[in-house]
Each structure stands twice: as structure tokens, then as C-alpha cells.
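Chemist: Pasting in a structure now, in C-alpha cells, and then I'll have a few things to ask.
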Amino acid sequence: MNHMLQRLPVGGIRLLLFSTVFAIGKTQAQQKEQDTAIRPMKSVNLVEVVAIGYGQQSRGTVTNSISKVKEAEFSHTPAANPLLQLQGKVAGLSLQVSDGQPGATPKVFLRGGTTASPEGDAPLYIIDGVIRTINEINPDDIESVQVLKDAASTAIYGARAANGIIIVTTKSGKSGKAVVNFKYTFGIEKQARRYDFTSARDYIYVSRKNTADFNKTNPDFFLTGGRYGMSTGNPRNSRNTLEFLDTYVQDYGQDYVNQLLHNEGWETMTDPVTGRELIFKETDYQDVTFQTAYKQEYDVNVSGGTDKATYYLGLGYLNQDGIVLGTFYKHYSGLFNGTYKVSDKLSFNTNLSYQVRRNSDAFNYQNVLSRSVSMPFTYRLNYEDGKPAPGEGITSFRNRNYEVYYKEKYNDVKMYRTTLRLGADWDLLPGLRFSPSFSWFTTEDIQNYFEASNETNTNRPASAIHNQDRHAQLDAILTYDKSLGLRHHIDAMLGTSYINDYVYTMSGSGRGAPTDNIPTLNASAPETQRISTYKSTDVVMSYFGRINYDYDQKYLFSASLRVDGSSRFSEQHKWGWFPGVSAGWNIDREDFWEPLSRPVSRMKLRASWGQAGNNLLSIFDSQGSYSTSYNYINDGTNNSVPVNYNGQAGILNAKLANNNLIWEVTTSFDVGLDIGLFDNRISLLVDYYNKLTSNRLFDKPLTASSGFDDIRSNFGSIRNSGFEVELSATPVRTANFSWDLGFTFAYNKGVVVELPENGEDKNRTGGNYVYDPAQKAYVKVGGLAEGERFGQRYAYNLVGVYATDEEAANAPADVESGRRQKIGGDAIWQDVDGNGEIDYRDMVFMGYIRPDKTGGMVNTLTYKGLTMRLVVDYAMGHVIDNAFRARSNASARNNNMTLSDVISDKIWKQQGDQASIPRYTVQSDVDYNWDNHLRPSNGIGASSGYSSNNSLYYKKGDYLAFRELSFSYRLKSPLLQKAYIQNLELFAGVYNIGYITGYDGLMPEVYAGNDPGLYPRPRAYNLGVKASF
Amino acid sequence: MKLRTIFICCSVLLFTACNSILDVKPESDITNNNYWKSEGDVTGYMTGIYTQLRDVNNSTYYFEDRGDAFVPGLEGGMTNAWQQNLNEANAPSWLGFYNLVYHCNLLLKDGRDIPFSVQANKDRVMAEAHFVRAYAYFLLIRIWGDVPIELQPAVDDNPPLTARSPATDVMQLILNDVDSAIALFPEDGFRDKSRASRPAAWALRADALLWKAKVLNGGEADLQAALTAIDNATAGVSLQPSLERVHATDNRNNSEVIFSIHFQRDERSDSYGSRLKPRDIFVQNAVNKSSIAFAKNGARSMYMPSPKLDTLFDKYPGDTRKDQSIIKAIDGDGEVMGVFDNKLRGTAFSDDRYFDNDQIVYRLGGLLLLKAEALAALNRVPEAITELNKVRGRAGTGNYPGATDKATVEKEILDERFRELYMELKRWPDLLRFHFAGTINVYDVVPNLEGKQLPLFFPIRRAFIDINPNLEQTEGY
């Protein structure tokens, strides 16, 4: 879309004095380079050009809410995924990273999204005009990223635009001498915060002692027989290392024991139960699970051009290991952008890109990061022959070392993405231009998995997946640009678009190969082989138009309309209409502003209204589906399994049809101010928005006797409203030194506005009853209700720990633990309704799972050639249930490694202890009905199995993150010139340095309400050099 | 001129497209409009229905946990049903059962007008659908008592808010469906014991009639009719030499089986039998490890067979069923490490054991005792003892030696059903039948119910009532 650039209405018009927040990240030289590329400048002021749907516009005439993030944010990124660089830099953009794997996709949503679970409300990504994923785009090729937030700007993308639009523009060549850039980056990543596990010695001591003290039913089951990490009864070279020393000496001899103790790091201690000496070897499974990861990155690009043609060629290679052992991400990318002018009236432009990704992720995150990492430290890492030992010995999770050795080293996962776009600009008449384009984007995803025969799984399972996704997009746009007289200016656009998305998947599995040497499916036993294929097609046909008008750049007006047809809807509801209008007033251009123009150099008022849609549903929602695989309701999983019975293939109606489904519509209103102060040393973008999503596509609960629990339905409305501030300032600017500051703040409130009448107060759906002491009555809370913010969490309120059995003798009956008699060390639950019974009605409000206030700050200090950046971001207003900690203290699996909680003064150990943490029973809190740490959700807590629903483990998630501290230095030396090096830049930085937060888990960026043990964002150290020739 | 060319180009692009371009026909799934066209659609759907039946049936929650067959196992995690701690917040959902009902309703409605090349094949499918729907409702009334009656599939986002009907009305529906099935099955015998058949329908009829007679204030006529039904159901079956052979996975659908639900590795192998089995590490030091049906994966000793059952097997010496039902892991010192089920042992494959036992819904052993129960209830005690002795004979305990008064014999039949049918999802309904008929007081029999007021039927979820205000909570909650 570079073609629009030349036609910006700038000739003879006062330059607009504005730049957004993140222009400041550039070094002065870069700044100058870009400025001169646009036009000769009278001063340092900059005309900013922003991409709007199917075109570009100067910031001065834009009447929408658009944020722009520029190249400087992407030039030294530590992460493979460019999206991560947006965090805290765009007001109103929420970015959630729940996964520190390199290349992982963060969850992104704008202005609170459009649903009650906005994590899925991803904006539409448009990369150089092609609707495709931003994954695998090399950050080094990015020129700018723009975020279209209000519906008037997104309406031009119609049915899929309700969640906002992110437009990515890659670099292009400029006419002139060829420029070659080379960049090399080296990086190290480490775990930023660690779990506070006890030593193996403390684990053994406290687990055995507590078993002896507290376990009245089956202490021997835990102490002996080699069943758990704290059990003895483990012969030489078995999975667990713990045994009585005298048994070892007697069975294997003193020499062997001496060898272990003196050369192999084994230890001894006194057993608190029997008084006998124990021998064991500690293995820190946190160290086994996590590693120090290294990164190497090379980027080369060549760009240049003549007056007829321009080109940009970018090549990149990245090899980055993840901080979880065995995970990595390798990436090769190539991008070519070119333009060719056939005549004064006709030019062609093309984008070609190809990316190859090879990566290995943890096969099952929960098993690695919730379970394997908390394996008791007494389990053996390697057998005496040096081969890995599995740990506890079940198939579902083994220690990380074993998992990689026998299974994940065979992961062969590759993804190939190809984008091809060809466009033309044809000037038909003065001001009238026709721009057709064709795009083709394919993703081929080939995955092969295998597990070698090993002691916990001997059958050598193999599986493979082959996906091919194809996106074909045909756009045709007619634009007209006309000035009438000196002051009237019109710019109109009319277009059509056809999009066809095709998905093909083949998957296969088998087992029973005779050898480990053939990891592909062909070796598996024929009778175990299963192959499945799947195809689907999705079509969107659209027509759209827009007109922009301005009078002397003072009064600005814009209107657009889009009509979208989608194959996902039923016959009668295929088409949707999406209008948008906006207007602006450059007050500073009025004569009456003249006296104010020195302090307030810029003042624009703008407002917009628009509608956009969401067609996030499948054809089966509107038309029902009959499927040969089925997700059974009772089996507790969420997996579709083949409908086969006694070897015969069956079919079932998997989804009820709802022919009445219509487009969900998000109507939004936005009003904003663009302010520039003191010659634009300070500039400010302020927006208020109000977004109403109506006819929500939502799963409406059905009465269960219908046989279905819900049906996709247009169901009520949701409002997100809030305000955003983007501030940029240059507090200090001297000849050699400058300080630039960018700051963002966003506040969002999401409430349910309307739900279908169901006879309940606030038409609440879901939820449960709790006692409200203010009203002295049971009231229904949770779920969704009109006027309420969503994402509420309730939990049992732990108000103390019974110091003695006597104190516990008259405890209220706890329904959740089967009304068992409470004893010393049990939790004291608040009996909110005072009825002498603890049940779900005694749960109390904990908070909301998502933050409502977010933002960030970028500081750039430049002294001559040296630049320092300090970036922070923050989020406030959410709570987190630290389920990892709860499950450790609860000994949830009967076999969890202990955290330091269990030996602290806060936990109950014996009669009379005044404690804040209930006793560590060693017996599972759930399985043995103790229910002191882990409580049921009752529909108003977190329903995941990895949640505590216990106030003890709830913490505020508010945080301030130190995201980046980096330095770059530009070398200027005549010597370099002689070596044809125009520019040499050295850079170094630390990223994800740490947090200021009250949350006690690994990282406070948890927005699901509960922290089961996650793949934390690593701390990254980056070092590199960039040279231009 | 150029302008005109462009406009022509645009128009072609724009308007040839229109609506037809948006008509995308799904290839890998079928929308509702495209189904119910041919014979294969109906038979394929019936196959699908069996998988949903297998899913809802695969749990001890409703028919074992509340009874007295289980005590906590090595790994615990007992359900609220076992703890007799049910309330409106933790009540189980009937969604899966009604999903099964929905599928039957849909087939009966949309399959009705599909022509088949052979009418008998169509009759058989329809009979199977009637049978499964009857079975689903029979599960429902034994769990919740009064339940909503749904006979039409939901078609849109506003299905009727159906209230609970009295169990007696539901019973009538069950008997009607069973009678339809009996009438429709084209053959008397079996084609595939993993699917419903006319004998299976007779067996279900007998089971339902006994429930009606004892729990729903039925009468002698129901007991008489049950006797006829049992005779019809058992005409083509014979006892296996031992209980072990009845459940062995290398002897599926043997001569004793009338109707079973099929399990197999790679199709579905996680039978509920796995909940009373140890993981390998729990029995690694057992001297009799090789005899125990342990598994590396998929086993969990959530429950153990109760000492009460153990004792009951000892009542008559030589009961071969004891070792075929229960196994104790013994350590080197002769101590019991744990007690496990030994009936549903699954299959040991080279890599691991998989719990893939068929779930036998009706078999001759059980029906003989059901017949004995009906005869005893009719006060035809000597005939009842005759049936009882057939089962005792196979178990190796010889003829019944005890008192022959009605009350004693009825209690004996209940005990014998416990010994014979433990782990076969019969215990809790058995206890209820004999409780309502006055033979026992279930509150004295089930340890966890002692001293409690908890109702015998399950509660429904409060959330269900919130969605459908026509529903009422089960009495007593």
C-alpha cells in the first residue's frame, strides 16, 4: 500500500506537528533518515502517516483511534514473536503471555474484547495487505505495526473487525544506492524466578515426620514399600534413592556405600520416625526441568532502487532454545518487497515471503510444569548404567530428562509458510486509481512424534499430523482523490474482496514398531494404524466503500460502509452490513486559536461511531453437524473420539442447529483529543470509548433434559467502556543529550448489559448462592449477570488454623469434607451465614481474574551516539489463585515435592501451634478427604482441577514489570568509512528483568484466575552488532 | 474507454459472485440438512447411539458407590455418592442420559420415513432404538425417581422446559418402548449380543416390572408378567462353567450373556473396573503380584471391595466366586497390602494391562436370581429356592440349606445377588427394591447411611432448576 504515500495532501499545507509515542525510540540518525525519505524537512517535526483500512492517511486528518508502533521497537527484540514488543506500548491493547516458549503466540485483545472471555477475541492481522498470522514474521523486517481500535476505522473490514485490526507493514526499498544491513545477535535466557522448594533432606524429614504424627490410617503405605518419594524400600538402582543406610551396607557392602557418599554426592540423615540412618541422593527437579537457553540470530537485508523500481530483500535465521529442557525454536525467513513502474500510469508491486519454522515444545505442559517439576527430589535421575530413570514411573509424566531422552528428542515439527501477493496501481484519470491485488498464503504444518521403547511405555507410539491451510484473497479497489479549489478535499474509495480459506488435515497414529530406529508411522503394527483426514472451506464475499472529506484540513469527515457475506451462516442470514462515520476538528487551525498556539501547538477533537461484526462460529453452529467423532459428556475430557462400536463406524448428531443465528454486532463510539504542547515537546492522545456488543454469539444454556447443555445463540449484549492515554514527551533536548518519554495508560470496564429473560435477578446465568451479610440473605452470584463485571472469583475464606483438637471439637460441620470431625491443624473456614455448617454458601468474593488498568512507559536517553532504553509496563486489578503452591502443600498427588511453606513457622506442626497454613498431611488433601488446602469451585471458583478455591492461596496480581533495559552505541570513525561500513551499532540489553508484585508464584502475568504452574517468561540477555554497508 | 473496461471488470468481479459463492458444502462433516437420506444413515446412527450408551453406563457412581460394596482404596478420592454427602450443589448431571434419549428420539423421528431394502433390517434398528430409550429412562428413574419425559428431539434454541413426571408415568413409557421393541425385533434369538435383541428386551421388561412391583407400588400382575419375561429372555442361554469364564475377555458374549456393552482397546478400554485396581508400584513388593490385575497406567485404587462382601462370601464354604471376585495383595510378612477387584480384570497386553471388559447388562446368572426374587415375592418360596440353587450350583456352594420362610429366603436372594453380581452395577438398585418391598431397611444395611436422613434418590443440580423453573428438587434435599 505504499502507493498511497505520494498522494498525501501536504503540498502547500502547514506541516502537522505531531508524532506518536514510539517514534521517540529511534536514534537521531534513524529519525533523520526516515524524515528525509518522506520530504525535505524544515525542522525536526514529522508528518506521521498512518495506515487505515485499504489506504493511508496523514495523522493530521485522521479521525479515528489508531496507535502506531514503529521500527525502533522491533530492531533489537529479544523474542521471536514480534507481538511481544507491543506490550505496554499501545493503550488499550492487552497482551497475555502464559507461555515462555520461544515463538509462542501471546493472547492479544483490544479494549476488553467483545466477549466475556476476551482471551479468544484476537484482532484481525493484516500483513502487507494479506490477512494472515503474525507468527513467524521476522521482527527485523517490520517497518511499523498499527492498531486500529475504534469501530469507525475497523468497520471497513466488516464482519471480522469487531476485535480490532492490527496492520503490519514490512520494510521496502527506496530509490538510491543499495544499502546492506547485517545484524548478529547473541542471547541467553534464564528462569527469572524460582520455586522455593525445600531440600531433599527437609522433604524427607517433614514428610516422614508428618506421616508418623498425623497419619492414623495407613502410615506404612507412605513410609515403606517404595511407593512414594518419602518411602523406603528401594533396592539399589531402583527409581527412588531413599533407603535405610544399614540395609544398603548389608545388601551392597560398605565399599559401595562409601563410593556413593564420597564420590557420587549421596547423603545420609537420621529418620525422624525410626531413628535409623537414611541414605539418599538429591536431584533438584527444578534444575532438571529448566535450563539456561542460548540464542543466535542473523539478519541480513539489502534494499535500494531506481526511479523505476525499488526492492527490499530480508533474510533471517534464528536459533533459540527454550528455558524448559528440550524445547527450541528455529526459524528461517525470507522476504522480498518490490515495486516496478511500467509507465507513469501503471505500476506493479509485489510481496513474497517464505518462512520455515522448526520447533519442539513440551508435549504436555501440565505434565511438565505442574507435575514433573514438582517431583520429589529423592527420585533418581540416572540409573547406574547412565541411562535416564523416569522418576515415579507412570507414563503420563516422567522427569524432564527422561521425557526428552525417550520421547521429545524425536519431535519433528516443521511449519512452512508462503505468502505471495501481486498488486497493481493503475491511474485511470487524474485522481482516479484502480488497484487490484491477489494474495495467496499457505501454511503447511508437518508434525511427527515418536516415543522409543522404555520402561514405562514399551509400545512405541508414533503419530503424525499434516495440515495444509490455504488462504486466497482477491481485492479490487478504486480510489479517487480530488481537491476542489484550495480548501475542499475529497478522497473516496470503493472496493470488493473475495476470501477463500481452505483447511486440510491428515492425522495418523500407530504403535508397536519392532525397533526404535524407525520413528515414522510406517514401522508401527498395521492393525494399530489409524488415519484420518478432514477438509473444510470458508468463504467471505465483501463490498465496501469510504469517503473522506476535509475543508482546509480544519473540518474532517469520513464515512464508510461494508457489506459482508459469509458461508458460515444459514441461508436467510448470510449478509451483514457494517457502517462507520467519524469527524474531526483541528481547532488549532482556527484563527481564534492563534493566541494559544504557543503553549498549545496542536488541538484536535475527533469522534467516531461504527459497527463491526464477528463471525466466529462454524457452519455447524447454524446448520448443525453430524459427526463420526463425538465429545462424550460424561468422560470428563474435552476430546472428540471416533464414534466406533464393536469395530463398526457410527455417527451422531454432535451439534444442534440454530438456523436463527445472525451476525453479532459491535457498535462502538469513540471520542478523542490529540493535543500538542510547547511546540509538541509534549503530545497527548486521549480517547474515551464505549463499545456495545449485541446479538452476542454465545453458548446459551439449555435445560439438560433436551440432551444438550448449550446451543450457539445470539444472546444478550456486553459493554466495554474505558479511556486511554498515550503521552509522549521530550523533557530534555540539548545538542548532545535528549530524554524521550512515552507513557500509556488504559482503563477498561467490561459489564454484561443484557441477558435473555430467565426469571432470575439480573437474568443471571450460571453462578451459585452465597450468603450476603449485608442483606442477611442468600443471593446468587457469579456466572454472568446484567450490570456486573465478569470474571468474578469466589473462594472459601480461611480465617485461621485450629490450634488444638479441643479448639476444633466444636467446629462447624464441613459439608465438603463429608462432615468429618475437625482436629488441630485443620483450616478454620469462615461460617459466613453462621448456620454451623460450611458449604458453598460460605464462599466469599476474591476478586476478578483480569486486570482493568494496564499500561507502560518507555524512556529513551540519548547522549551522542549512546542510547539507553528503560521500558516498564504494568497491570492492576486482577487476582490469582496460586494453585501450584496449594497443590504442593496439599500433597495433591500424594507425591509432591515440598515448598518451604511446610518447614516455615506459618504452618501448623503440633498441638497448640498458632499457624496460618493448615498442616501438611502428606496424604493427599483431596483423596483423603482433608480438604484443608484444596476446595471445590461450586460454580463460582475456578473449575480447573488446578485451583485451590481457598483464600489462603489467593493473591493480588498487580504488577510493575521491568521489561527492558538496553543500550546501543553507534560508532563513528573514519576507519569504518574506509572499510565501506557506513554505520556500526553495538547493542546489549536485559529483558523481563523482574516484577514488583505481591504475587508469590513465578510470574504475575496470569489472567486465567489460577496458576497451575506455568512456563514462565524467561529473563533474556541480548548482545549484538549491526552494520550497514 | 478505459474507464468503461474497468467498470466492466469490476462488475464481473462484483456481481457474478452473489449468493451462490457463499454456498459451501462441508465435506468432512454433515449438516443437519444433509442427513437422514438413506438406510445407511439410520444404521450408522444406531451404531453411534451404542457409543453414547457405553459412555453413560461406564461408571460405578450411581449403582455401586451408594451401596455397601466399596470401602476406600489405596488412593482414595471417594465420591459424594459413596460418602452419602449429596446436595443440590454437588448433584450429578443427567445430561449424558438425556443426550442418549435425544439420539434415540431423533432416530425414531427422522429414521421413520427412510425406506430400507429389507423391512426386517429397519424393524430391527427401530426396535434397538426403542430398547435403548427404555433402558435410558430405566437408568433415570432408578437414579432420580421422577424425571422429565422427552419423546421429541430438541430442534432449536428454545426446547420445552419439561417438568419431572411421576416415575410411574415414566415406567409406563419404559414398558411401552420395551413392548415396541419386542414386537419389532424380526428374530427371537441373537444376532449380536453387543446389541439389543428380543431376549434383551424381555430381560429389560422383567427388570423394569420388578422395579414397578416393589418400588412403584405395582402388584402381583407385574411379578407374574416378570416371570414370563424372564422365561422368554433366557430361552436361548446357558450358564458358563464358572464366574471367571463369564467375564473373561477371551470369552466375550459367551453362552450366558444376553446383552453386553462392548469394550475393546483402541476403541474404548477405560472400563470402570480400573477404579478398583492398583498401579504397579503399589503392589511391586507383593508376593502374589503376578496374580493381581495391576496396570502401569489407567489403574487407580480408588475403592476396595468391602470387608462386608468378603465376609458374605465366607458364609458358605467352597464359594468359588470369592477368589474370582476379590484378590488381596500380600507382602513378604503375610500382611495384606491392599484388596482389589478380581472380576473385571481386563486384558494383559504386552505393554500394559487394559481394562476392556464388556459390561454385561443382562446374563443368565442374574436373571435366575431375578426370577427367584419374583417367585419369592409371590410367595412361591420352593420354586424360588430352585432358581437360587441353580446359581449356587455353579458357585460350588450346593443347595440352599437355610430356613425356607419368605423373609429369610428373600434376604438370602439379596445376599446371593450381592455375591453373584458384585461390580455389575446391580447392588444399589437391588438394595432399593428390597428396601421398598420391606425386606430390609437400607439405612441399616449401608454403613455410610446409618443415622442419616439422606433421601435414596439423587438430587438434581440447583443450576438445572435455575434454567428450568418447572423442575422441582428431589424430595428431601
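The listed protein sequences derive, respectively, from chains Y and R.
Numbered as in the numbering used here, the first sequence ends at 1231 without a single skipped number.
Numbered as in the numbering used here, the second sequence ends at 1306 without a single skipped number.
Every residue gets a Cβ at the ideal spot worked out from N, C-alpha and C, and that includes glycine.
Bear in mind the structure is a predicted one, so any value in this text is a computation, not a measurement.
#1: Could you give the distance in angstroms between the alpha-carbon of Asn1117(R) and the alpha-carbon of Phe1184(R)?
#2: Quick one: which chain Y residues come within Cβ less than 7 Å of Leu849(R)?
#3: Could you pull the start and end residues of the alpha helix (DSSP H) that Val459(Y) belongs to?
#4: Fully enclosed by the segment 994-1025 of chain R, which alpha helix (DSSP H) runs are 4 residues long or longer?
#5: How would you list, in chain order, the residues of chain Y whose beta-carbon sits under 8 Å from the beta-carbon of Glu856(R)?
#6: Would you report the Cα separation of Tyr1197(Y) and Val526(Y), rounded to the nearest angstrom?
#7: For the segment 537-625 of chain Y, list the alpha helix (DSSP H) runs that are entirely contained and at least 4 residues long, ordered along the chain.
#8: Decide if Pro1218(Y) is buried, meaning its Cβ has at least 16 other Cβ atoms within 10 Å, or exposed.
#9: Under the assumption that Ala1058(R) contacts Arg1034(R) (Cβ atoms under 8 Å), give the Cβ distance between them as a whole number of angstroms.
#10: Looking only at its chain, what residues have a beta carbon closer than 6 Å to the beta carbon of Thr1064(Y), apart from the 5 residues adjacent to it on each side?
#11: Return the Cβ separation of Gly1175(R) and Ser1130(R) in integer angstroms, given the expectation that the two are a contact with Cβ distance under 8 Å.
#12: Assuming His932(R) is part of the alpha helix (DSSP H), what are its boundary residues?
#13: For Pro844(Y), which three-state DSSP category applies?
#14: On the DSSP bridge assignment, give the partners of Lys806(Y) in chain order.
#15: Between Phe822(Y) and chain R, is there a C-beta pair that is closer than 8 Å?
#16: What residues from the segment 892-909 of chain R come within 9 Å of chain Y, judged by C-beta to C-beta, listed N to C?
#17: Provide the residue(s) that pair with Glu988(Y) in DSSP beta bridges, ordered along the chain.
#18: Does the segment 1167-1184 of chain Y come within contact of the segment 1020-1040 of chain Y, defined as at least 3 CB pairs closer than 8 Å?
#19: Would you say Ser922(R) faces chain Y, with C-beta separation under 8 Å as the test?
#20: Counting only Cβ-Cβ distances shorter than 8 Å, please list the residues of the segment 766-797 of chain Y near chain R, keeping chain order.
#21: With a Cβ-Cβ cutoff of 8 Å, do Phe446(Y) and Arg478(Y) count as a contact?
#22: Taking the alpha carbon of Gln881(R) as the point to measure from, which residue in Asn882(Y), Asn816(Y), Asn855(Y), Ala694(Y) has its own alpha carbon closest?
#23: Does any residue of chain Y have a CB that is nearer than 8 Å to the CB of Ala1013(R)?
#24: So, Glu273(Y) versus Ile344(Y), is the Cβ gap smaller than 8 Å?
#25: Under 6 Å Cβ to Cβ from Pro592(Y), same chain only, skipping five residues before and after it: list those, please.
#26: At a CB-CB cut-off below 7 Å, which residues of chain R make contact with Gln850(Y)?
#27: Can you look up Gly389(Y) in the DSSP assignment and give me helix, strand or coil?
#28: Along the alpha helix (DSSP H) that carries His691(Y), what are the first and last residues, could you check?
#29: Alpha carbon to alpha carbon, how far is Thr580(Y) from Glu586(Y)? Give it in angstroms, no decimals.
#30: For the beta strand (DSSP E) containing Leu1165(Y), list its first residue and its last residue.
#31: List the endpoints of the continuous alpha helix (DSSP H) containing Tyr1272(R).
#32: Classify Glu729(Y): buried if its beta carbon has 16 or more other beta carbons within 10 angstroms, exposed otherwise.
#33: Measure the C-alpha to C-alpha separation of Gly704(Y) and Pro855(R) and round it to an integer number of angstroms.
#34: Taking C-beta pairs closer than 7 Å, name the residues in chain Y that Leu1245(R) reaches, listed in chain order.
#35: Output, in sequence order along the chain, the residues in the segment 1116-1134 of chain Y whose CB is closer than 9 Å to any CB in chain R.
#36: Taking only the alpha-carbon atoms, compute the straight-line gap between Glu979(R) and Thr991(R) and give it to the nearest angstrom.
Modeler: In short, the structure shows the following:
#1: Going from the Cα of Asn1117(R) to the Cα of Phe1184(R) covers about 20 Å.
#2: Leu is not the amino acid found at residue 849(R); the sequence shown has Ser there. Under the 7 Å cutoff, chain Y gives no residues; its nearest Cβ is about 10 Å from Ser849(R).
#3: In this chain, the alpha helix (DSSP H) harbouring Val459(Y) covers 456-465.
#4: Correct list: 996-1013.
#5: Neighbours of Glu856(R) on chain Y, chain order: Lys737, Ser738, Thr739.
#6: Whole-angstrom Cα-Cα distance: 21 Å.
#7: Counting only runs that start and end inside the segment 537-625 of chain Y, the alpha helix (DSSP H) elements of at least 4 residues fall at 602-608.
#8: With 16 or more other Cβ atoms inside 10 Å of its own Cβ, Pro1218(Y) counts as buried.
#9: By a beta-carbon distance limit of 8 Å, Ala1058(R) contacts Arg1034(R). Their separation comes to about 4 Å.
#10: Taken in chain order, the residues that qualify are Ser940.
#11: With a Cβ gap of about 14 Å, Gly1175(R) and Ser1130(R) do not count as contacting.
#12: First-last of the alpha helix (DSSP H) with His932(R): 924-939.
#13: If DSSP states are grouped into helix, strand and coil, Pro844(Y) belongs with the strands.
#14: Note: Lys806(Y) sits in a beta bridge opposite Asn788(Y), Asp876(Y).
#15: Interface flag for Phe822(Y) against chain R is set, since a Cβ pair is found closer than 8 Å.
#16: Of all residues in the segment 892-909 of chain R, only Pro901, Leu903, Glu904, Gly905, Gly906, Met907, Asn909 place a beta-carbon less than 9 Å from a beta-carbon of chain Y.
#17: Answer by DSSP bridge pairing, in chain order: Val954(Y).
#18: Fewer than three pairs of CB atoms, one per stretch, sit closer than 8 Å, so the segment 1167-1184 of chain Y makes no contact with the segment 1020-1040 of chain Y.
#19: Any Cβ of chain Y closer than 8 Å to the Cβ of Ser922(R) would place that residue at the interface, and such an atom is present.
#20: The segment 766-797 of chain Y vs chain R, Cβ under 8 Å: Gly767, Ser768, Ser769, Lys776.
#21: Result yes, Cβ atoms of Phe446(Y) and Arg478(Y) sit closer than 8 Å.
#22: Each of Asn882(Y), Asn816(Y), Asn855(Y), Ala694(Y) was checked against the Cα of Gln881(R), and the nearest Cα belongs to Asn855(Y).
#23: One detail in the question is off: residue 1013(R) reads as Leu in this sequence, not Ala. By this cut-off, Leu1013(R) is not an interface position.
#24: Contact flag set, yes.
#25: Cβ neighbours of Pro592(Y) beyond the five flanking positions: Arg600, Tyr604, Thr658.
#26: Identification of chain R residues near Gln850(Y) by a Cβ-Cβ cut-off of 7 Å yields Thr876, ordered along the chain.
#27: Looking at Gly389(Y) - three-state DSSP - the assignment turns out to be strand.
#28: Bounds of any alpha helix (DSSP H) do not take in His691(Y); it lies within the beta strand (DSSP E) bounded by 690-712.
#29: It is roughly 15 Å from the alpha-carbon of Glu586(Y) to the alpha-carbon of Thr580(Y).
#30: With the sequence shown as reference, residue 1165(Y) is identified as Arg, and Leu is not the correct amino acid for it. It spans 1161-1173 - the beta strand (DSSP E) in which Arg1165(Y) sits, taken as one unbroken run.
#31: Counting along the chain, the alpha helix (DSSP H) containing Tyr1272(R) begins and ends at 1271-1274.
#32: With fewer than 16 other Cβ atoms within 10 Å, it is exposed.
#33: Contrary to the premise, residue 704(Y) reads as Tyr rather than Gly in this sequence. Tyr704(Y) and Pro855(R) have their C-alpha atoms some 11 Å from each other.
#34: Residue identity differs from the one stated: residue 1245(R) is Glu in this sequence, not Leu. Simply none; closest approach about 31 Å.
#35: Those would be Gln1125, Ser1126, Val1128, Asp1129, Tyr1130, Asn1131, in chain order.
#36: Thr991(R) has its alpha-carbon roughly 8 Å from the corresponding atom of Glu979(R).
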